[in-house]
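Keeping their order, the protein sequence lines are chains A, R, C and S. Okay, so the first sequence: first residue is 57 according to my numbering, each after it adds one. Okay, so the second sequence: first residue is 57 according to my numbering, each after it adds one. Okay, so the third sequence: first residue is 57 according to my numbering, each after it adds one. Okay, so the fourth sequence: first residue is 57 according to my numbering, each after it adds one. Positions of the beta carbon are idealized from the N, C-alpha and C atoms, including for glycine. Single-structure report; data block below.
Number of protein chains: 4
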Amino acid sequence: MTYEECIQACIDCMEACNRCYDACLKEENVKMMVECIRTDRECADICALAIKSMQSNSPFAAQICKLCAEICEACGNECKKHDHQHCQECAEACYRCAEACRSMAK
Amino acid sequence: MTYEECIQACIDCMEACNRCYDACLKEENVKMMVECIRTDRECADICALAIKSMQSNSPFAAQICKLCAEICEACGNECKKHDHQHCQECAEACYRCAEACRSMAK
Amino acid sequence: MTYEECIQACIDCMEACNRCYDACLKEENVKMMVECIRTDRECADICALAIKSMQSNSPFAAQICKLCAEICEACGNECKKHDHQHCQECAEACYRCAEACRSMAK
Amino acid sequence: MTYEECIQACIDCMEACNRCYDACLKEENVKMMVECIRTDRECADICALAIKSMQSNSPFAAQICKLCAEICEACGNECKKHDHQHCQECAEACYRCAEACRSMAK
């Protein structure tokens, strides 16, 4: 795992979460998507912070990636529950990012 | 209008938007709150950026405050439509912040 | 320690870090302030995220506060080294915030 | 200009600014880089917000892109002054992003 690969995983996950957030808000049954909306937002935000920390060589990059991995994992678990394509795609991006961030955090 | 007053208005508005966002997601009729959820998030984020820019003496503080005023105004207009107390309170905080940011932007 | 007190400690710390960042960039001897500039930025950003997470009832608020405590502690240690008033004041705000976030994270 | 192209220009610019910020802080003559450090930070932050707004279909995406274009332009002008490769590369990324955001803002 290189720094570059982890940054790319975070960029992909941030995009998937932002798109899933938007798509969830447009779903007919929004009520069912409430937790997904919430975790999508949290996950996109921590990914953005992880990207910034890696790109700017933050002394806290490893710790931020560790937290990012935890939130990505949780967001993936939430998205996984829903059949919408945007949720399934988001879950995959979250799991990939969680794995990348975990190995970066070591 | 001093810098300090505008920062405080942004802090108050950010708080109101974050709380309204959370409360909207918990409302029985979430469907009705979708635009409010969206604008609350946008408004809290631009207020956070405006606070940072003013506190750190950003050369772009005036331009950021100008945009913040526009988003606060729009968020206030959206919140205003809903009778929930958190929406009404948020609308007031948004309008106060919009006014503060407008005069700061000049 | 209530949620409100921890949010306030983060708001105070964010402000101190943003002001210290700006003041450090204006110091005659900037070279000496490089690490302080860096940690001030990191600390202000994680405080902003912690505030958002607590105000919006994030399911990750405790984990974000835990990381915030670590970064505040490190920023306090860096600021403490410098005699400038803005650094000393920032160190104090960082330590207070670290303590508040640590007890919130439990 | 598609949405996708503008998002990519912002991602590239954010990366260039974050790397330039880090590299500037490591320069022997930091004193000379102070304004560059400052605008790099501002520019990376507004690019991050523009990315989020476009990816999540924000009703304020156009306005945020307009501001992003202004800050990118100013950051490009600052970076352009310095001969370091990271500054020259950042200036180019800033100008490309400014152009992309301007056409998006229309």
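Contact under 9 Å by Cβ, residue i with residue j
| i | j | result |
| --- | --- | --- |
| Ala-154 (chain C) | Ala-125 (chain C) | yes |
| Gly-132 (chain A) | Cys-103 (chain A) | no |
| Met-70 (chain R) | Lys-108 (chain C) | yes |
| Cys-55 (chain C) | Cys-66 (chain C) | Only positions 57 to 162 of chain C appear in this structure, which leaves residue 55 (chain C) out of reach. |
| Ala-118 (chain C) | Lys-162 (chain C) | yes |
| Met-160 (chain S) | Cys-62 (chain S) | yes |
| Ala-106 (chain R) | Pro-115 (chain S) | no |
| Met-89 (chain C) | Leu-81 (chain C) | yes |
| Tyr-77 (chain A) | Met-110 (chain A) | no |
| Ile-120 (chain S) | Glu-98 (chain S) | no |
Reference residue i; option with closest CA among the options
| i | options | result |
| --- | --- | --- |
| Ile-93 (chain R) | C:Cys-76, C:Phe-116, C:Asp-96 and C:Ser-112 | C:Ser-112 |
| Asp-68 (chain A) | A:Ser-159, A:Lys-162 and A:Cys-146 | A:Cys-146 |
| Ala-79 (chain S) | C:Glu-91, C:Phe-116 and C:Ile-120 | C:Glu-91 |
| Arg-196 (chain R) | R:Leu-123, R:Thr-95 and R:Ile-120 | What the structure shows of chain R is the stretch from 57 to 162, and residue 196 (chain R) is not part of that stretch, so it cannot be assessed. |
| Glu-83 (chain C) | C:Leu-123, C:Gln-141 and C:Lys-122 | C:Gln-141 |
| Asp-139 (chain A) | A:Gln-64, A:Arg-152 and A:Asn-85 | A:Asn-85 |
Chain S contact residues for residue i, given Cβ-Cβ distances below 8 Å
| i | result |
| --- | --- |
| Ile-93 (chain C) | Leu-81 and Ile-93 |
| Ile-67 (chain A) | Ile-67 |
Partners in chain C for residue i, counting only beta-carbon separations shorter than 9 Å
| i | result |
| --- | --- |
| Lys-87 (chain S) | Glu-84, Asn-85, Val-86 and Lys-87 |
Interface partners of residue i on chain A, CB under 8 Å
| i | result |
| --- | --- |
| Arg-152 (chain R) | The contacting residues do not exist; Arg-152 (chain R) stays about 25 Å from chain A at best. |
Contact list for residue i against chain A, beta-carbon separation under 7 Å
| i | result |
| --- | --- |
| Arg-97 (chain R) | Arg-97 |
Within chain R, the residues that residue i reaches when beta carbons sit closer than 9 Å
| i | result |
| --- | --- |
| Ala-156 (chain C) | Correct list: empty, because the minimum Cβ distance to chain R is about 17 Å. |
Per-residue contacts from residue i into chain A (C-beta, under 9 Å)
| i | result |
| --- | --- |
| Asp-78 (chain S) | Gln-111, Ser-112, Asn-113 and Ser-114 |
Within chain C, the residues that residue i reaches when beta carbons sit closer than 7 Å
| i | result |
| --- | --- |
| Glu-126 (chain A) | Gln-119 |
| Glu-183 (chain R) | The structure shown has nothing for residue 183 (chain R), since chain R only spans 57 to 162. |
| Asn-165 (chain R) | Nothing about residue 165 (chain R) can be reported from this structure: the residues present for chain R run from 57 to 162 only. |
Neighbour list for residue i in chain C, Cβ cutoff strictly below 8 Å
| i | result |
| --- | --- |
| Asp-101 (chain A) | Leu-105 and Lys-108 |
beta-carbon residue i near the ligand SAH non-hydrogen atom, thresh 8 Å
| i | result |
| --- | --- |
| Ala-79 (chain A) | With respect to the ligand SAH, the structure shown offers nothing to examine, as it has no ligands at all. |
### Message
As an exercise, report each continuous alpha helix (DSSP H) stretch of at least 4 residues that is fully enclosed by the stretch 64-121 of chain S, in chain order.
### Response
90-111
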